[in-house]
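Scroll down for the structure; my scribbles are underneath it.
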Amino acid sequence: MRALLLHKKDINSDMLTFNLEGMIPAQITWVESFHDVVDFLLEDVPIDVFICQDYEDTNKLLKYLLTVNVAIPYILVGPGEVVDPDSFPDIRLLERVDSIYSVEQIADVVVDAIENEVIVPEKDNTEFFRIATELLLKVVPLKADIYIRLSKIKFVKMFRKGREFKPDDAKRYLESKKVNYLYIKKDDMNEFIGHFQNMLENILNSDHLSSEDQALLSASVHESIAEMQKLVGFTPEVKKLAEEGVRLTLRSIGKSPKLKNFMSTLDQYQGSYFSAHAIATAHVSCALALALHWPSDTTFKKLTLAAYFHDIALDQPEFSEFDGVDHILNTKPDFGGETEKRYRSHPYLASEMLKDIAEVPPDVDVIIMQHHERPDGSGFPRGLRHSQISPLAAVFIVAHDYVRFLFEDRYLLGREGFKRRFDYSEDSLKGTFKKAVEAIEF
Ligand SMILES: [Fe+2]
Ligand SMILES: [Fe+2]
Numbered sequence: 001m002r003a004l005l006l007h008k009k010d011i012n013s014d015m016l017t018f019n020l021e022g023m024i025p026a027q028i029t030w031v032e033s034f035h036d037v038v039d040f041l042l043e044d045v046p047i048d049v050f051i052c053q054d055y056e057d058t059n060k061l062l063k064y065l066l067t068v069n070v071a072i073p074y075i076l077v078g079p080g081e082v083v084d085p086d087s088f089p090d091i092r093l094l095e096r097v098d099s100i101y102s103v104e105q106i107a108d109v110v111v112d113a114i115e116n117e118v119i120v121p122e123k124d125n126t127e128f129f130r131i132a133t134e135l136l137l138k139v140v141p142l143k144a145d146i147y148i149r150l151s152k153i154k155f156v157k158m159f160r161k162g163r164e165f166k167p168d169d170a171k172r173y174l175e176s177k178k179v180n181y182l183y184i185k186k187d188d189m190n191e192f193i194g195h196f197q198n199m200l201e202n203i204l205n206s207d208h209l210s211s212e213d214q215a216l217l218s219a220s221v222h223e224s225i226a227e228m229q230k231l232v233g234f235t236p237e238v239k240k241l242a243e244e245g246v247r248l249t250l251r252s253i254g255k256s257p258k259l260k261n262f263m264s265t266l267d268q269y270q271g272s273y274f275s276a277h278a279i280a281t282a283h284v285s286c287a288l289a290l291a292l293h294w295p296s297d298t299t300f301k302k303l304t305l306a307a308y309f310h311d312i313a314l315d316q317p318e319f320s321e322f323d324g325v326d327h328i329l330n331t332k333p334d335f336g337g338e339t340e341k342r343y344r345s346h347p348y349l350a351s352e353m354l355k356d357i358a359e360v361p362p363d364v365d366v367i368i369m370q371h372h373e374r375p376d377g378s379g380f381p382r383g384l385r386h387s388q389i390s391p392l393a394a395v396f397i398v399a400h401d402y403v404r405f406l407f408e409d410r411y412l413l414g415r416e417g418f419k420r421r422f423d424y425s426e427d428s429l430k431g432t433f434k435k436a437v438e439a440i441e442f
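The working numbering puts the first residue of the sequence shown at 1, with every later residue one more than the last.
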């Protein structure tokens with residue numbers, strides 16, 4: 001725990017540093033000017049709280065923190081004649097203390113900050129639950145402590161439970177600060193789930209959202225459900241949310257999905273590839289099924305369910321960006337052992353998880369089991385060849401590749417480039433694989 005004291009050099013600065021050090025379990029570093037603070041920040045020195053004198057350099061510091069999106073909380077020491085905390089609503093003022101002589105009061109606030117505001121989780125981050133700010137915007141007001149993440153292991157409380165987190169707050173974070181995710185404690189998850197459920201039901205029962213907005217929301221919803229599933233498993237509440245999430249995705253796809261409409265939507269999405277590719281694969285595979293003249297509701301439902309859950313069992317969502325084990329090994333040479341084993345079995349684990357979800361039509365588990373098979377037999381887990389892969393899975397595999405392609409470089413390569421990128425040779429491009437690749441409009 002480190003506190004930085006920003007104060008002009010005088011007898012008070014020495015006294016304050018000296019006294020505080022004796023009273024709180026933190027390292028106090030005194031700095032004289034705003035520029036010194038910037039040096040610390042540029043060197044990535046972890047700072048938990050600022051104690052700032054009421055003078056011009058504090059104004060400069062707060063402005064700087066806003067521009068670099070660093071939300072370290074501060075305590076203001078002085079009458080507040082120079083610094084106006086209301087001008088910096090996004091930076092948390094822990095307390096304003098009138099005078100430098102209130103050392104004890106300052107110490108109390110710092111100790112309180114250590115205990116209540118800045119949280120360093122014990123081992124990992126499993127006590128925190130991440131929510132896309134975009135989604136939070138739709139479920140507020142929420143009565144929960146809301147945190148912002150400062151570093152890999154550090155979280156700062158930005159809103160207290162007693163105060164409602166309102167739509168305006170969420171907007172400010174999303175639009176002006178570009179904070180894409182906020183966090184709540186796992187204990188507050190039920191509060192969130194209740195609001196989440198209401199929001200989904202309202203949206204499903206009305207038609208005030210365009211299909212593009214429904215698709216974007218679907219991706220944030222998917223991301224939250226995947227995180228909840230990791231934290232608490234498929235509880236009845238999470239299952240219900242997942243079923244509604246799938247309904248929302250199906251609704252955004254509609255009866256006659258077109259690839260072109262969907263691409264501009266994709267450009268607006270800010271969240272992870274993991275969820276974007278799940279929702280995008282649902283759209284693209286339904287559009288391909290339509291192009292192959294399989295326009296039934298059941299087919300759309302099967303493909304959407306498969307897309308929604310195919311990677312749900314991945315230990316790390318980032319693995320969804322890779323084509324397979326060799327591809328992961330190119331960027332992560334230490335990939336192997338238990339991690340690799342679990343990766344290889346994620347199609348199987350996901351199809352098992354799906355057994356817990358109500359009303360899953362047959363074939364969905366086959367699509368999920370086969371989503372990493374390749375027509376030339378080089379895929380996993382079974383190394384099936386094109387003739388052994390189910391037609392729906394073939395459509396899904398091509399759609400999944402095409403989504404990857406859209407994210408990589410959609411304009412330069414065209415159909416031939418696509419075939420090269422995903423090793424579709426003339427030998428293996430047969431049957432449904434061939435029809436699906438030909439159905440894509442490049
Ligand atoms: Fe996968
Ligand atoms: Fe995937």
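For glycine and all other residues, C-beta sits at the position ideal for the given N, C-alpha and C. Remember, predicted model here, so these are calculated numbers, not experimental data.
Those residues that have a beta carbon less than 5 Å away from any non-hydrogen atom of ligand 2 are, in order along the chain, ASP311 and SER320. Boundaries for PHE422: no alpha helix (DSSP H) harbours it, and the DSSP string shows neither H nor E there.
Boundaries of the beta strand (DSSP E) harbouring THR29: 27-31, taken from the DSSP string. A direct Cα-to-Cα measurement between THR67 and VAL38 gives close to 12 Å. Annotated three-state conformation of LEU314 is coil, per DSSP. Within the same chain, Cβ atoms closer than 8 Å to the Cβ of PHE192 are found at PHE129, ILE131, VAL139, LEU142, ALA144 and ILE184, the five residues on either side in sequence being excluded.
Between PHE50 and LEU4, the C-beta spacing is below 8 Å. When secondary structure is reduced to three states using DSSP, GLN197 falls in the helix class.
According to DSSP, residue pairing for GLU95 in a beta bridge involves ILE75.
With a cutoff of 7 Å, HIS372 counts as near ligand 1, since its C-beta is closer than that to a heavy atom of the ligand. Nearest neighbour of ARG247 by Cα position, chosen from GLN270, HIS222 and LEU231, turns out to be HIS222.
For VAL238, the enclosing alpha helix (DSSP H) begins and ends at 236-253. Counting of Cβ neighbours within 10 angstroms places THR298 among the exposed residues, the total staying below 16.
When DSSP states are grouped into helix, strand and coil, LYS435 belongs to the helix group. Taken in chain order, the complete alpha helix (DSSP H) segments of 4 residues or longer contained in the region 39-87 are 56-68. For PHE18, the enclosing alpha helix (DSSP H) has its first and last residue at 11-23. Apart from sequence neighbours up to five positions away, the residues of its chain that approach GLN214 with a beta-carbon distance below 7 Å are LEU248, ARG251 and SER252, ordered along the chain. Between ligand 1 and the CB of HIS222, the shortest heavy atom gap is not smaller than 7 Å. Scanning its chain for C-beta atoms nearer than 7 Å, with the 5 sequence neighbours on each side dropped, one finds around HIS400 the residues THR281 and HIS371, in chain order. For HIS7, the distance from the CB to the nearest heavy atom of ligand 1 is not below 7 Å.
Counted as a single uninterrupted DSSP element, the stretch harbouring MET1 is not any beta strand (DSSP E), since DSSP gives it neither H nor E. For PHE442, there is no enclosing beta strand (DSSP E), since its DSSP letter is neither H nor E. Each residue's CA atom was taken as its position, placing VAL284 and GLY271 some 19 Å apart. Counting only residues of its own chain and dropping the five nearest sequence neighbours on each side, VAL103 has a CB closer than 7 Å to the CB of LEU16, ASN19 and LEU20.
For the pair of segments examined, the region 403-417 was found not to touch the region 427-435: the number of CB pairs separated by less than 8 Å stays below three. Within the same chain, and ignoring the five residues on either side of ASP365 in sequence, the residues whose Cβ sits closer than 7 Å to its Cβ are SER351 and LEU354.
For ALA144, the secondary structure class from DSSP, reduced to helix, strand or coil, is coil. The C-alpha of HIS277 lies about 48 Å from the C-alpha of TRP30. LEU182 sits close to TYR147, with the two beta carbons spaced by under 8 Å.
When rounded, the separation of the alpha-carbon atoms in PRO167 and LYS60 is 29 Å.
Taking a C-beta distance under 8 Å as the contact criterion, PHE396 and ILE367 qualify as a contact pair.
ASP14 has its alpha-carbon roughly 51 Å from the corresponding atom of GLN268. Leaving aside the five residues that flank GLN105 on each side, the residues in its chain whose CB is nearer than 6 Å to its CB run, in chain order, VAL97.
Annotated three-state conformation of VAL103 is helix, per DSSP. In the DSSP annotation of this structure, the continuous segment of the beta strand (DSSP E) that includes ARG130 starts and ends at 128-132.
With fewer than 16 other beta carbons inside 10 angstroms of its own, ASP326 counts as exposed.
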